[in-house]
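In my numbering, the protein residues as written are 9 to 603.
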């Protein structure tokens, strides 16, 4: 009894912290793991066994293989053909949503979204449409595609290995396909014909200039003969704390330097292109004895050059930027980057940039060296939104990557080797054939998700070992007493959906799987339909921006508000329940074999 109270207390606190979002979900998972280990519910020598669980290994391997496919250019080659799509928003929504749904069935769904989002935004702007019409359907399509195969989403992998932990054969590669494909098709048809019309149009996302209006904040000032800046470096300006001034360009005679070095020593007659509020600009001019200078070139030429570019990037949920400020990160000193503006939910933040604490989904306007921009954005876990260079690849690399991927799919689908072995072998093969480097392999792994899985799997086992799963299952059976078995199945599906809308979908699957097994045992039914229900429900988080990373990633670029998601998501979840229950009962009967 005491152990049950401890486990329920740990889970309740973990759920509160997941929803609160103050600490990242991998940290919360580790805290929950430490709690059940310190209290002795899970033996200390087994506390970290979750990190070697087949589900964790498989998720990591699939992420690496997905990076190899991207590097080969096979996916980009398909995305490139989007330029042939018509100008109408209906056909464009249908095309990009279908494409991301197909991609996410065979690669990580966040990776599929990351590929398609810059392409989609560029297409929308080129045709004068608001990206908000496209991005929510795109995110939802990436979730639907994950339902169709074992490797499409972590919950499917978790459920497959959980079945094996209970003495049954693990689900194979395409065991999820009959139900998942039917649900995905129903959801896709709804999005294409009705759903996208329910999405609010955010006009502020039409273009970078409209979103940030950066020209209103950029001014040219001349260093006078008596200025205090003569002989000082630009770093002295950037380190000034009583005013916020960012030097984004320097004109010296006929020489124009975009994003000049912090060590550049200033001379009389230099013209500084600075970004500052009216208050800080006035203070800067008066305190440093400067003069306003006339505009010489268009804004785009003043802030960019052959070596310097301006990029929009969205902050990913796992980014080290989350919770930090420009000053604490010292973007200029560490990375040579200038932060020009921040947009949140489609609106530019007008507070001082040094005081902004970044949130997942924020869109940043960054200025920096073209050569290091991709590496910097990768290390900052920020996804570029404009002018993503497509890697068209060579035919040999495309054929090679598809061959390796197909071999992994085939051997896993036929049961010749376990899925984790098949995809680890595929990852190694891609490394050996130079489809990706070792550093790219490690960078491609979503380590917070790996830590979340490794931490929460023992916590889920603790729920089962202490009888907590039995207690919840019995409560569900009591509520469902006298109902048809399919109604109990619907309760499990809807309950998992609701939980997944609030916490990470992998955590929802880990917590609901033992409860689903216990409910099936209480009914004397096969566990398979209940496990499939958990897999479907865990991947259908359509009501909030916090239920899945895909939803979070499109929030800023789409200018969405928290309450926008349910407008399309609620109808989508209802359709999924109505379609999924009959399909599950048809392909995975409730009756045990031989009964």
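For each residue, glycine too, the CB sits at the ideal point set by N, CA and C.
Ranked by Cα distance from residue 344, the options 381, 195 and 510 are led by 381. Classified as exposed, residue 315 has fewer than 16 neighbouring CB atoms from the shown chains inside 10 Å of its CB. Taking residue 23 as reference, the option from 263, 571, 513 and 524 with the minimal CA-CA separation is 513.
For residue 133, there is no enclosing beta strand (DSSP E); the enclosing alpha helix (DSSP H) has its first and last residue at 117–134. Restricting attention to 166, 121, 130 and 134, the CA atom closest to the CA of residue 152 is found in 121. Excluding the 5 residues flanking it on each side, residue 453 has same chain C-beta neighbours closer than 8 angstroms at 68, 71 and 72, in chain order. Residue 438 has its alpha-carbon roughly 10 angstroms from the corresponding atom of residue 405.
When the five nearest sequence neighbours on each side are left out, the beta carbons in the same chain lying within less than 6 angstroms of the beta carbon of residue 208 are those of 572, in order along the chain. The beta carbon of residue 347 lies closer than 7 angstroms to those of 334, 339, 361, 372 and 374 in the same chain, with the five residues before and after it left out. For the 8 angstroms CB-CB criterion, residue 364 and residue 501 do not form a contact. Counting only runs that start and end inside the segment 306–344, the beta strand (DSSP E) elements of at least 3 residues fall at 316–323.
Separation of the CB atoms of residue 146 and residue 125 is rounded to 7 angstroms, and the pair is thereby assigned contact status at 8 angstroms. Going by DSSP, residue 229 is part of the beta strand (DSSP E) stretching over 226–231. Per DSSP, reduced to three states, the secondary structure at residue 175 is coil, with no helix or strand assignment. Shown here, residue 547 sits in coil according to DSSP, grouped into three states, outside any helix or strand. Comparing alpha-carbon positions, the option among 466, 412 and 569 lying closest to residue 440 turns out to be 412. The residues 451, in chain order, have a CB closer than 8 angstroms to that of residue 386 in the same chain once the five nearest residues on each side in sequence are set aside.
About 33 angstroms separates the beta carbons of residue 40 and residue 576, which is beyond the 8 angstroms limit, so they are not a contact pair. By the criterion of at least three beta-carbon pairs nearer than 8 angstroms, the segment 163–180 is not in contact with the segment 104–118. Look at residue 277 here: in three-state DSSP terms it is coil, with no helix or strand label. In this structure, residue 368 lies away from residue 319, with their beta-carbon atoms at least 8 angstroms apart.
The criterion of a C-beta distance shorter than 8 angstroms is satisfied by residue 259 and residue 279. In terms of CA proximity to residue 106, 199 leads the group 425, 199 and 252. Relative to residue 271, the option among 190, 277, 239 and 287 whose CA is nearest is 239.
The beta carbon of residue 171 sits closer than 8 angstroms to those of 177, 178, 179, 535, 536 and 539, all from its chain and outside the five residues before and after it, given in chain order. Annotated three-state conformation of residue 266 is strand, per DSSP. In this structure, residue 45 sits near residue 52, with a CB-CB distance shorter than 8 angstroms.
Per DSSP, residue 428 is one residue of the alpha helix (DSSP H) stretching across 427–440. With fewer than 16 other beta carbons inside 10 angstroms of its own, residue 487 counts as exposed. From the listed residues 9, 13 and 26, the smallest Cα separation to residue 508 is found for 26. Under the three-state reduction of DSSP, residue 528 is assigned to helix. Approximately 6 angstroms separates the beta-carbon atoms of residue 525 and residue 174; this is inside 8 angstroms, confirming the contact. By the Cβ-count criterion, residue 203 is buried, with 16 or more other Cβ atoms from all chains shown falling within 10 Å of its own Cβ.
Minimum Cα-Cα distance from residue 329 among the listed residues 350, 317, 313 and 312 corresponds to 350. Where residue 447 is concerned, the enclosing alpha helix (DSSP H) starts and stops at 446–452. Beta-bridge annotation (DSSP): residue 375 is paired with 318 and 346.
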